[in-house]
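The structure under discussion appears below in the form of structure tokens.
Numbering (this note's numbering), first residue to last: 111 to 282.
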């Protein structure tokens with residue numbers, strides 16, 4: 111997707127966080143080879159594994175966070191949650207698990223192919239304010255929904271059938 115946009119003259123940069131691991135599509139050796147190949151591109155910034163405390167600043171420095179994952183086991187990915195907490199534009203694959211993660215937060219839904227993702231990203235290039243722009247209210251709702259208090263409250267309800275006594279955060 112980024113190659114398509116760059117071939118059209120867009121000055122976009124891809125920031126990659128995390129270490130390559132194997133999955134159901136490619137084994138670890140293949141992922142290592144792909145990452146090595148990508149590292150030669152000047153418009154790709156491969157950060158690798160970064161300390162968890164550094165992630166919010168990195169995500170906050172990005173305009174868009176994309177996770178067009180089609181894994182059947184994908185559920186509440188931390189990358190998307192961190193993007194919502196930072197008020198970033200979110201691009202996700204159009205599947206139930208990712209739609210459930212974003213909830214009412216404005217997100218761009220894509221098919222998992224380069225053309226669909228490039229089309230979605232094109233709306234935001236060059237200062238254009240395309241479709242799904244998060245508002246202050248959207249960010250505040252995400253912060254409340256994914257707060258430690260909200261998590262603790264939901265866990266108490268699951269384990270004990272009642273909300274936590276010391277949490278006033280509602281459900282989502």
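The C-beta atom is built at its ideal place from N, Cα and C for all residues, glycine as well.
Cα-Cα separation, residue 194 to residue 169: 10 Å
Three-state class that DSSP yields for residue 282 in the structure shown: Note on residue 282: pLDDT 45, under 50, position unreliable in the model; the coordinate value appears next. Reduced to three states, the DSSP call for residue 282 is coil.
Span separating the alpha-carbon of residue 138 from that of residue 234: 33 Å
Contact between the region 215–223 and the region 240–252 (3+ Cβ pairs under 8 Å): yes
Continuous beta strand (DSSP E) assignments of at least 3 residues falling wholly in the region 174–203: 174–177 and 199–203
Residues that residue 158 bridges to, as DSSP identifies them: 127
Bridge-paired residues (DSSP) for residue 122: Answer is none; residue 122 lacks a bridge partner.
Candidates 117, 155, 270 and 184, of which the one nearest residue 133 by Cα: 184
Contacts around residue 282, its chain only, beta-carbon distance under 6 Å, and the 5 residues preceding and following it disregarded: The pLDDT assigned to residue 282 is 45, lower than 50, so where the model puts this residue is not dependable, and the model offers no usable value.
Distance CB(residue 283)-CB(residue 165) smaller than 8 Å: Lying outside 111 to 282, the shown extent of the chain, residue 283 is not represented and no answer is given.
Sequence-distant residues of its chain with Cβ nearer than 6 Å to residue 208 (five each side left out): 202
Cβ shell of residue 273 (< 7 Å), same chain only, five flanking positions each side left out: 263, 266 and 267
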